[in-house]
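A short write-up of the structure that comes next.
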Amino acid sequence: MPNADHLGLKWAAADLKARFPQIVDRPSLDHPALNVPAVDVPAFLKVLKEEAGFDMLADLTAIDWAEGASPRFTVVYHLYSTARHDYVRVAANCPDDSAPAVPSVTALWPGANWHEREAYDMFGIRFEGHPDLRRILMWDGYPHHPLRKEFPLAGIETELPDADIAAETGAKVKPAPVMGGPFVASTGRINLTDAEPGAKDESWTERNEKP
Amino acid sequence: MVSANTDLTYNSKIEGDVVVSRADAVINWIRTNSMWPMPMGLACCAIELMAVAASRFDISRFGAEVMRFSPRQSDVMIVSGTVTYKMATAVRRIYDQMAAPKWVIAMGACASTGGMYRSYAVLQGVDRILPVDVYISGCPPRPEALLDAVIKLQEKVKREPSARRLFSA
């Protein structure tokens, strides 16, 4: 299992661990990975960027482990060195499970701006110091964070973004359960028409008549 | 003596070239043969919509080649693609800005029913917010299918009581 010590690279030397004793290796199947406390993320990533040559933020994403788990939310940074062509993964657990927050890294990489907005939109993780922390995919005022574990894939009934359109059309955001489709293919001794991927249970559309 | 009563009816030598018809027929003839589409291109169906407008399929054979990106100048909105809830209000607002008479074609599985996107983010059929005239199946539909929809819509418009609507409004 690769870790920071196995790399044999200068940046992974004891020097770095001496400066950041709170950092521990993280189990990883591919690239070296490190667990960092949330408060140390900007300082540590700044060292990785400016001294260790990891100049590119390849990805910024988040994990929701489970409802009730602690720590519940983890923010994951993938850094890439365009000179040495190697990666390092840095993970930071959010200290608060109910109101997760980590410091923003937009000061280091301007490209982190939209990544952090998406993580905020989908998981509800606040990025402290972000210049413009708004939703990026769902609309402003949407009450849920869709990639959280408690959010059903079908969705939750809510109002449309604009009240006047909702009043005019009577339309709402309605849950759309998969109901055996559309990508669930059937197997066994059935004819080809039944084997087509499609909603096997169409009672959902029957129940909710369209206006 | 029985005379040919041409003088009592229409005499082209006196009155010139006049065609007698019904108001509905004339109005619908004008409307059907120059439908200006509002290309509501939201996803991959819009690529097929572009193909329909290009030379190989050539929607101008049916008088609908004038794609207008202003709803004020459009007659038929072609909703081609996945309508998310976030976009749905914009689609409806653009539809409201179109001048009557106006029609809607729901192009493809997504615009018709939500298609494969049975999820929290996608409107399950644009007919939840718009009155759709013609649905097209396919994911995406062939360009010929859109041409077929235009012809179907023309046939539908030809049956409309346009004069009654026009003069009663």
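The listed protein sequences correspond, in order, to chains E and H. Going by this note's numbering, the first residue of the first sequence is number 1, and it counts up by one from there. Going by this note's numbering, the first residue of the second sequence is number 1001, and it counts up by one from there. All residues carry an ideal CB built from backbone N, CA and C; glycine is no exception.
(request) Can you give me the Cβ contacts of R1092 of chain H inside the same chain, cut-off strictly under 7 Å, excluding the 5 residues immediately before and after it? (result) For R1092 of chain H, where only same-chain residues beyond five positions count, the Cβ hits under 7 Å are I1129 and L1130.
(request) At 9 Å on the CB atoms, spell out the chain E contacts of M1135 of chain H, in chain order. (result) According to the sequence displayed, residue 1135 of chain H carries Tyr and not Met. Those do not exist, as Y1135 of chain H stays about 12 Å from chain E at its closest Cβ, beyond 9 Å.
(message) Would you say I136 of chain E lies against chain H (beta-carbon separation less than 8 Å)?
(response) By this cut-off, I136 of chain E is not an interface position.
(message) Contact criterion: CB-CB distance below 8 Å. Does I1129 of chain H meet it with respect to chain E?
(response) Interface residue (Cβ-Cβ distance to chain E less than 8 Å): I1129 of chain H is classified as such.
(request) Out of H:D1058, H:A1099, H:V1083 and H:A1043, state which residue places its alpha-carbon closest to the alpha-carbon of V1076 of chain H. (result) Minimum Cα distance to V1076 of chain H is reached at H:A1099.
(request) Establish whether the CB of I63 of chain E and some CB of chain H are separated by less than 8 Å. (result) So, not an interface residue.
(message) Assuming the contact rule is C-beta atoms closer than 8 Å, C1045 of chain H and M1116 of chain H should be a hit. Round their C-beta distance to whole Å, please.
(response) Rounded, the Cβ-Cβ distance is 13 Å, inconsistent with contact.
(message) Can you tell me where the alpha helix (DSSP H) holding N1011 of chain H begins and where it ends?
(response) N1011 of chain H -> no alpha helix (DSSP H), and no H or E assigned at all.
(request) Starting from K1086 of chain H, find everything on chain E with Cβ-Cβ shorter than 9 Å and list it in chain order. (result) The contacting residues are L137, M138, W139, Y142 and P161.
(request) Determine the direct distance from the alpha carbon of M56 of chain E to that of W109 of chain E, and round the result to whole angstroms. (result) One alpha carbon belongs to W109 of chain E, the other to M56 of chain E, and they sit about 8 Å apart.
(request) Look at the alpha carbon of D1065 of chain H and the alpha carbon of N1028 of chain H, and state the distance between them as a whole number of angstroms. (result) The question names Asp, but residue 1065 of chain H in the sequence shown is Glu. Counting only the Cα atoms, N1028 of chain H lies some 18 Å from E1065 of chain H.
(request) Can you have a look at V1079 of chain H and say buried or exposed, based on whether 16 or more other CB atoms are within 10 angstroms of its CB? (result) With 16 or more other Cβ atoms within 10 Å, it is buried.
(request) Examine the Cβ distances between the region 126 to 136 of chain E and the region 1049 to 1056 of chain H and report whether three or more of them are shorter than 8 Å. (result) Touching, no, given that fewer than three Cβ pairs across the two stretches are closer than 8 Å.
(request) Determine the contact status of M176 of chain E and R1068 of chain H, defining contact as a CB-CB distance below 8 Å. (result) At residue 176 of chain E the sequence reads Ala, which differs from the Met that was named. No, these two residues do not count as a Cβ contact at 8 Å.
(request) Using a Cβ cut-off of 8 Å (strictly closer), state whether T169 of chain E contacts chain H. (result) For T169 of chain E, the answer is yes, since a Cβ of chain H falls inside 8 Å of its Cβ.
(message) If we define contact as Cβ-Cβ less than 8 Å, is I190 of chain E a contact residue for chain H?
(response) Cβ-Cβ to chain H under 8 Å: no for I190 of chain E.
(message) Using the Cβ count rule (16 or more neighbours within 10 Å means buried), how would you classify T82 of chain E?
(response) The C-beta of T82 of chain E has fewer than 16 other C-beta atoms within 10 Å across all chains shown, which makes the residue exposed.
(request) Give the secondary structure of S1060 of chain H by DSSP, where H, G and I count as helix, E and B as strand, and everything else as coil. (result) In the three-state DSSP reduction, S1060 of chain H falls in the helix class (H, G or I).
(request) Below 7 Å CB to CB, which residues in the same chain sit around D1024 of chain H once its five sequence neighbours on both sides are set aside? (result) The residues P1161, S1162 and A1163, in chain order, have a CB closer than 7 Å to that of D1024 of chain H in the same chain once the five nearest residues on each side in sequence are set aside.
(request) List the residues of chain E whose Cβ lies closer than 7 Å to the Cβ of T1089 of chain H, in chain order. (result) Those within 7 Å of T1089 of chain H in chain E are L160, P161, D162 and I165.
(request) Using only alpha-carbon positions, find the residue among E:F20, E:D164 and E:T74 that is nearest to A92 of chain E. (result) When only C-alpha atoms are compared, the closest one is E:T74.
(message) Between the alpha carbons of E1015 of chain H and W1036 of chain H, how many angstroms are there, rounded?
(response) So the two alpha carbons sit approximately 35 Å from each other.
(request) Just confirm the distance between the C-beta atoms of G53 of chain E and R84 of chain E, as a whole number of angstroms; I'd bet it's less than 8 Å. (result) For a cut-off of 8 Å, the C-beta gap from G53 of chain E to R84 of chain E is around 6 Å, short enough to register as a contact.
(request) Using a Cβ cut-off of 8 Å (strictly closer), state whether G124 of chain E contacts chain C. (result) This model lacks chain C altogether, as its protein chains are E and H.
(message) Between G8 of chain E and chain H, is the shortest Cβ-Cβ distance under 8 Å, so that the two count as touching?
(response) Confidence at G8 of chain E is low in this model, with a pLDDT of 44, below 50, so its placement is unreliable and the value that follows should be read with caution. Against chain H, the CB of G8 of chain E has no partner CB under 8 Å away; the residue lies outside that interface.
(request) Take I1151 of chain H and list the residues in its own chain whose beta-carbon comes closer than 7 Å to its own, dropping the five residues that flank it on each side. (result) For I1151 of chain H, where only same-chain residues beyond five positions count, the Cβ hits under 7 Å are F1062.
(request) Whole angstroms is fine: what's the gap from H6 of chain E's alpha carbon to R72 of chain E's? (result) Caution is warranted here: a pLDDT of 45 is assigned to H6 of chain E, below 50, making its placement in the model unreliable, and no coordinate value can be reported.
(message) For V1134 of chain H and A1149 of chain H, which I take to be in contact (beta-carbon distance under 8 Å), what is that distance rounded to the nearest angstrom?
(response) The beta-carbon distance between V1134 of chain H and A1149 of chain H, rounded to whole angstroms, is 5 Å. This is short enough to meet the 8 Å contact definition.
(message) Within a Cβ cutoff of 8 Å, which residues of the same chain sit near G1138 of chain H, ignoring the five residues on either side of it in sequence?
(response) Same-chain partners within the cutoff: G1108, A1109 and A1145.
(request) Determine the chain E residues that contact G1114 of chain H at a beta-carbon separation under 7 Å, and present them in chain order. (result) By Cβ distance, chain E contributes A176.
(request) Could you tell me whether the Cβ of A154 of chain E comes closer than 8 Å to any Cβ of chain H? (result) By this cut-off, A154 of chain E is an interface position.
(message) Quick check on Q1097 of chain H - is its C-beta less than 8 Å from some C-beta in chain E?
(response) By this cut-off, Q1097 of chain H is not an interface position.
(request) Run through the region 61 to 143 of chain E for me and flag every whole beta strand (DSSP E) of 3 or more residues, listed as ranges in chain order. (result) Here the runs fully enclosed are 73 to 80, 87 to 93, 101 to 103 and 126 to 128.
(message) Can you look up L29 of chain E in the DSSP assignment and give me helix, strand or coil?
(response) Here DSSP, grouped into helix, strand and coil, assigns L29 of chain E to coil.
(request) Work out the CA separation of K1158 of chain H and E118 of chain E for me, nearest whole Å. (result) Roughly 49 Å between the two C-alpha positions.
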